[in-house]
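Numbering (this note's numbering), first residue to last: 14 to 194.
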């Protein structure tokens, strides 16, 4: 029987940049926009995902009351390594990103949505994820280049927003990383 040999923190850090190098390192031109996501744990999970994939930023949109304690617990304090912006308006934020040349993909099962894995994501992509109960707003869906969904093969119809985000973010980030020099 094989035993599991865990790596120490020092071993894990061996191939990582120093803290200062990381802050100066170019990030993947991928942005996550949270459209009225209200759960602090979900927001914290996205911050942690943003750090894991070294993406450009997370933009939290909507009039939110965020529990910093819960968010910090969920993000494991990785917010200090991730650019997190706050905006009152999802549509204003998305329009600005469109003007900057980003392609918008809303993660939402709807009439026009396609399997997230069937998309070839360009280098400047935005993933829009919506409210835990209501999903992505109609206004955000209208601004999106494409609505995408995760096929569900079990009895459930949906996943938690941070779980869905992790699945789509991994695919998108890995595709973009392969396109860059």
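Even for Gly, the Cβ is constructed at its ideal location relative to N, Cα and C.
Residue i versus residue j: straight-line alpha-carbon distance, rounded
| i | j | result |
| --- | --- | --- |
| residue 164 | residue 128 | 6 Å |
| residue 65 | residue 124 | 32 Å |
| residue 184 | residue 160 | 15 Å |
| residue 51 | residue 145 | 7 Å |
| residue 44 | residue 155 | 18 Å |
| residue 54 | residue 21 | 27 Å |
| residue 116 | residue 74 | 18 Å |
| residue 96 | residue 63 | 9 Å |
| residue 169 | residue 111 | 33 Å |
| residue 231 | residue 172 | Any answer about residue 231 is impossible in this case: the structure gives the chain only from 14 up to 194. |
| residue 147 | residue 120 | 12 Å |
| residue 37 | residue 61 | 18 Å |
Buried/exposed call for residue i, threshold 16 Cβ in 10 Å
| i | result |
| --- | --- |
| residue 49 | buried |
| residue 130 | exposed |
| residue 175 | buried |
| residue 118 | buried |
| residue 18 | exposed |
Nearest residue (CA-CA) to residue i, options the options
| i | options | result |
| --- | --- | --- |
| residue 136 | 73, 186 and 57 | 186 |
| residue 99 | 60, 31 and 71 | 71 |
| residue 31 | 162, 171 and 94 | 94 |
| residue 191 | 41, 144, 113 and 74 | 41 |
| residue 139 | 27, 178 and 18 | 178 |
| residue 122 | 150, 60 and 44 | 150 |
| residue 56 | 147, 166, 143 and 167 | 143 |
Residue range of the alpha helix (DSSP H) that includes residue i
| i | result |
| --- | --- |
| residue 18 | Neither: residue 18 is in no alpha helix (DSSP H) and is coded neither H nor E. |
| residue 198 | In the structure as shown, the chain begins at 14 and stops at 194. Residue 198 is therefore absent and cannot be evaluated. |
| residue 107 | 103 to 112 |
| residue 181 | 174 to 192 |
| residue 34 | 32 to 37 |
N- and C-terminal bounds of the beta strand (DSSP E) containing residue i
| i | result |
| --- | --- |
| residue 74 | 68 to 74 |
| residue 159 | 159 to 162 |
| residue 152 | Note, residue 152: premise wrong, no beta strand (DSSP E); alpha helix (DSSP H) at 151 to 156. |
| residue 122 | Premise fails: residue 122 is in no beta strand (DSSP E) and is neither H nor E. |
Cβ-Cβ distance between residue i and residue j below 8 Å
| i | j | result |
| --- | --- | --- |
| residue 188 | residue 106 | no |
| residue 157 | residue 181 | no |
| residue 104 | residue 46 | no |
| residue 109 | residue 162 | no |
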